[in-house]
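Under full-length UniProt numbering, the first residue of the sequence shown carries the number 2, and numbering increases by one thereafter.
Positions of the beta carbon are idealized from the N, C-alpha and C atoms, including for glycine.
No experiment lies behind these values; they were computed from the predicted model shown.
What follows is one structure encoded as structure tokens, with my remarks underneath.
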Amino acid sequence: TNPIQIAIDGPAAAGKSTIAKIVAEQLGYTYIDTGAMYRAITLKALNEGINMASNEEAGELLLRTEIDLQPTEAGQLVFLDNEDVTEAIRTQHVTKAVSEMAAHSLVRERMVELQRQLAEGRGVVMDGRDIGTHVLPEAALKVYMSATVEERARRRYDDNKNRGIDTPLAELQAEIATRDKMDSERESSPLRQSDDAIFLDTTNLSIQEAADKIMQLAKERL
Ligand code: C5P
Numbered sequence: 002t003n004p005i006q007i008a009i010d011g012p013a014a015a016g017k018s019t020i021a022k023i024v025a026e027q028l029g030y031t032y033i034d035t036g037a038m039y040r041a042i043t044l045k046a047l048n049e050g051i052n053m054a055s056n057e058e059a060g061e062l063l064l065r066t067e068i069d070l071q072p073t074e075a076g077q078l079v080f081l082d083n084e085d086v087t088e089a090i091r092t093q094h095v096t097k098a099v100s101e102m103a104a105h106s107l108v109r110e111r112m113v114e115l116q117r118q119l120a121e122g123r124g125v126v127m128d129g130r131d132i133g134t135h136v137l138p139e140a141a142l143k144v145y146m147s148a149t150v151e152e153r154a155r156r157r158y159d160d161n162k163n164r165g166i167d168t169p170l171a172e173l174q175a176e177i178a179t180r181d182k183m184d185s186e187r188e189s190s191p192l193r194q195s196d197d198a199i200f201l202d203t204t205n206l207s208i209q210e211a212a213d214k215i216m217q218l219a220k221e222r223l
């Protein structure tokens, strides 16, 4: 059978990347984490001290930036101008700044172009905020994954703890809520559920249950 495109969207820390990775692996598809691309350009903007509020400055920065995603056995590696930034893009510093950068139309245009190139002619599981609505409108399967903000903050807290990072739960919940609000209210392809997407509430689902559900939906479309 021909490979299909699977779009997974939803608010921050809903489990999209964890589940997208499992599904991609089971189908032998490429996993593409689009949030990592917005995080990478944000890291560079912070390092260079550009005016984060300026669409023009952000657009100009992207013109002299190379962002590469490389799928490996251990997961996706992210390269910024040939430097491995896979870890560096996950700091709270970047997380807090990313939604402002991602709102710029010039940034989105360029990223979407790259994302479509990465998806062309192959089986992909792509996660983000605007994949079903904008990046891959023809995707055979679109899932909008969510969970309560309390549950999402708790999961992020546990993840962080396992990585030796100790950010207070209340701070994580506030950061997640702020980011969702900015991502939903921006003008340029905001976060929203595509009309043809299937809603999946993961609040009371395990990782395995959520992955199984998406696998079942995928198999119906193969
Ligand atoms: O998925 P992740 O939480 O890593 O995404 C980081 C940020 O990147 C989001 O909060 C959002 O501002 C932006 N983003 C986006 N469109 C996407 C993926 C991510 O605007 N497709």
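Can you give me the start and stop residues for the alpha helix (DSSP H) that V108 sits inside?
Taking the first residue of the sequence shown as position 1, residue 108 is located at position 107. Run containing V108: S106 to A120, per the alpha helix (DSSP H) assignment.
Residues that P4 bridges to, as DSSP identifies them
Numbered from 1 along the sequence shown, position 3 holds the residue referred to as residue 4. In the DSSP output, where bridge partners are listed per residue, P4 has none listed.
For T19, is the beta carbon positioned less than 8 Å from some heavy atom of ligand 1?
Here residue 19 refers to the residue found at position 18 of the sequence shown. No.
Alpha carbon to alpha carbon, how far is S195 from E210? Give it in angstroms, no decimals.
Translated into the one-based positions of the sequence shown, residue 210 becomes position 209. Translated into the one-based positions of the sequence shown, residue 195 becomes position 194. Taking the straight line joining both Cα atoms gives about 23 Å.
May I have the straight-line CA-CA distance separating L137 from P4, to the nearest angstrom?
Position 136 of the sequence shown, counting from 1, holds the residue named residue 137. Position 3 of the sequence shown, counting from 1, holds the residue named residue 4. In a straight line, the C-alpha of L137 is about 14 Å away from that of P4.
Cβ shell of Q27 (< 8 Å), same chain only, five flanking positions each side left out
Counting from 1 along the sequence shown, the entry for residue 27 is found at position 26. Cβ within range, chain order: A212 and M216.
According to the Cβ coordinates, are E67 and N83 closer than 9 Å?
As a position in the sequence shown, residue 67 is number 66, starting the count at 1. As a position in the sequence shown, residue 83 is number 82, starting the count at 1. Yes, the Cβ-Cβ distance between E67 and N83 is below 9 Å.
Locate the alpha helix (DSSP H) running through I68, then write down its first and last residues.
The count along the sequence shown starts at 1 and reaches residue 68 at position 67. Taken as a continuous stretch (DSSP letters only), I68 belongs to no alpha helix (DSSP H), being part of the beta strand (DSSP E) at I68 to T73.
For L170 and V150, what's the separation of their Cα atoms in angstroms?
Here residue 170 corresponds to residue number 169 of the sequence shown, with the count starting at 1. Here residue 150 corresponds to residue number 149 of the sequence shown, with the count starting at 1. Cα to Cα, L170 sits roughly 11 Å from V150.
Using 8 Å for Cβ pairs, my map puts K17 next to I9. What's the rounded Cβ distance?
Locating residue 17 in the sequence shown gives position 16, counting from the first residue. Locating residue 9 in the sequence shown gives position 8, counting from the first residue. Contact holds; Cβ gap of about 5 Å.
The stretch 86–97 touching the stretch 27–46, judged by at least three CB pairs closer than 8 Å:
yes
Quick check on the burial criterion: 16 or more other C-beta atoms within 10 angstroms. Buried or exposed for D131?
Your numbering for residue 131 matches position 130 in the sequence shown. Buried is the call here.
With the cut-off set at 9 Å, would you say H105 and S147 are in Cβ contact?
On the sequence shown, residue 105 is found 104 positions in, with the first residue counted as 1. On the sequence shown, residue 147 is found 146 positions in, with the first residue counted as 1. Not closer than 9 Å, so no.
Using alpha carbons as the reference points, say which of E110, A37, R65 and E121 lies closest to D85.
As a first step, residue 85 must be located in the sequence shown, where it is residue number 84. Checked all of E110, A37, R65 and E121; the closest Cα to D85 is A37.
In angstroms with no decimal places, state the Cα-to-Cα distance between K162 and L206.
Within the sequence shown, the letter at position 161 stands for residue 162. Within the sequence shown, the letter at position 205 stands for residue 206. When rounded, the distance between both Cα atoms is 21 Å.
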